[in-house]
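Taking our numbering, I'd label the letters of the sequence shown as residues 314 to 553.
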Amino acid sequence: MNSDFIGISDIHREVIKLMAQGLTDKEIATKLGIAQSTKLDVDYERINDFINYESKYNRNVIIKSYKNIKRKLESNKNKIREKDPRWLVHSTTEEAYKLIKESNFLYSPNELRKLGKEISEIGLKHYLEPKDYSDYIMLDILNGCGELVVNSRQLGYVCTDGNMEYNPGVRLYFDAHKIIEDGLAERDGLHILKVEKELSLDKYLVMAVTKDKAKEKVSWTPTTYTEWANNYFLRKNNKK
């Protein structure tokens, strides 16, 4: 199969290629060194999301595939899809969370810069991500790679080792369905969902989970902290 992709980043290119090859979600995650997502594509929705998003920013995308992929324009941004998870998470450092609580908003990197805050974006250099990604707040599935990002920030380079000991930050759990219904969700085909500029904690945050909520002090890795925090969130949230 021949596959050509023009005007996209390296990570986009690899994801689309692997999708077109028919690899399973787990196989794609293993090859890219990222955590397993939900079904990566259902009826090529995410490939269409990718095409629509790139077109929005006037980037040319050419996809060659042996599969028949029909272009679909997203007509209803407020529509919750069958595979959309109810809860999504954003991981951050303890230091950053202090500022987030003070403002009561989660801001995109570019919005933080406007507020005079310095921020290092690990993914931009390593994955050659488009500059417009800095306009957005990225949200991930509960078993995603958010803690790898936190660890990478601490190390100063991209690290995909989920078993390395590290200092956990704060996991912010959001109501994804409400975000979608309010028309704030952006789909770029790579991330599950993202939000432009800012996200209100009052309206959409369900719970913030920190390591001090654990009954016993332990040595954490991105994998163990993700599992513990998710179990804590789901258990506490189900009691509400």
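We put the beta carbon where it would ideally sit given N, CA and C, even for glycine. Note that the structure is predicted; figures quoted are calculated from it, not measured.
- When the beta-carbon positions are compared, F546 and Y486 come within less than 8 Å of each other.
- Under DSSP, D501 takes part in no beta bridge, so it has no partner.
- Boundaries cannot be given for S447, as no alpha helix (DSSP H) includes it and DSSP labels it neither H nor E.
- A straight-line Cα-Cα distance of about 29 Å links S416 and T534.
- According to DSSP, residue pairing for L506 in a beta bridge involves L452.
- At a Cβ-Cβ threshold of 8 Å, L455 and V519 do not count as neighbours.
- With contacts defined by Cβ atoms closer than 8 Å, V522 and R484 form a contacting pair.
- Contact between V463 and S421 does not hold, since the beta-carbon distance rounds to 17 Å and is not under 8 Å.
- Going by beta carbons, I493 and I393 fall inside the 8 Å limit.
- By the neighbour-count criterion, in which 16 or more other beta carbons inside 10 Å mark a residue as buried, I375 falls on the exposed side.
- Per DSSP, the unbroken beta strand (DSSP E) holding V522 starts and ends at L518 to T523.
- DSSP places V483 in the uninterrupted beta strand (DSSP E) bounded by V483 to D488.
- Under the 10 Å beta carbon count, G459 is surrounded by 16 or more other beta carbons and is classified as buried.
- Put simply, of D356, E407 and E408 the residue whose alpha carbon is nearest the alpha carbon of E395 is D356.
- Closest in alpha carbon position to N551, among N389, R399 and K411, is R399.
- Taken atom to atom, the span from the alpha-carbon of I505 to that of L512 is near 16 Å.
- For Y420, the pairing in a beta bridge is given by DSSP as E511.
- S378 has its alpha-carbon roughly 31 Å from the corresponding atom of I450.
- Just so you know, the alpha carbons of P481 and K528 end up roughly 15 Å apart.
- Counting the other CB atoms within 10 Å of its CB gives E367 a total of 16 or more, which places it among the buried residues.
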